[in-house]
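What follows is a short report on a single structure.
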Amino acid sequence: MSLDEPVGIVLVSHSAAVATAVAELARGLAGGGDAVPVAAAGGTEGGGVGTSAELIAAAAAAVDRGAGVALLADLGSSVLTVKALIAEGDELPEGARLVDAPFVEGAVAAVVTAATGADLDAVEAAAGEAYGYRKV
């Protein structure tokens, strides 16, 4: 894996609108711009609520720069779909990894960390640490 390029981030949601909004939020909080490739893979091909292995695989391919791809999923079947794609082994880029993190906070942490040039392990760790963010 190349460390000269950033880790790619894919946000997998049951809703295209949610995935797109979280991607925009994360990019904005990371300073905007395109320093980190982020793709939303939400909903189904027909625009409905659900998940699509084809949309997820296409999004992962689009953000892959050789440093790995972190996939964050919202719930239920989105997690199962990503796990199935990883198990198949040939649908996602080498180095693609499901990251166990809260969807919104984890996405922000992943994108901000990737923007620093961090590797996939550091991006995954930062996203996972978002489980500990306290609000009260």
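Converting from the sequence shown to this note's numbering requires adding 3 to each position, the first position being numbered 1.
Beta carbons are placed, not taken as given, at the ideal position from N, Cα and C, and that holds for glycine.
Contact annotation: V15 and L83 have beta-carbon atoms that are not nearer than 8 Å. Counting the other Cβ atoms within 10 Å of the Cβ of R30 gives 16 or more, which makes it buried.
Judged by DSSP in its simplified three-state form, R100 adopts strand. In the DSSP assignment, A76 falls within the beta strand (DSSP E) that extends over 72-76. One thing to note: E127 has its Cβ within 8 Å of the Cβ of R100.
Counting the other Cβ atoms within 10 Å of the Cβ of E48 gives fewer than 16, which makes it exposed. An exposed status is given to A90, since fewer than 16 other beta-carbon atoms sit within 10 Å of its beta-carbon. Between E57 and D124, the alpha-carbon positions lie close to 26 Å from each other.
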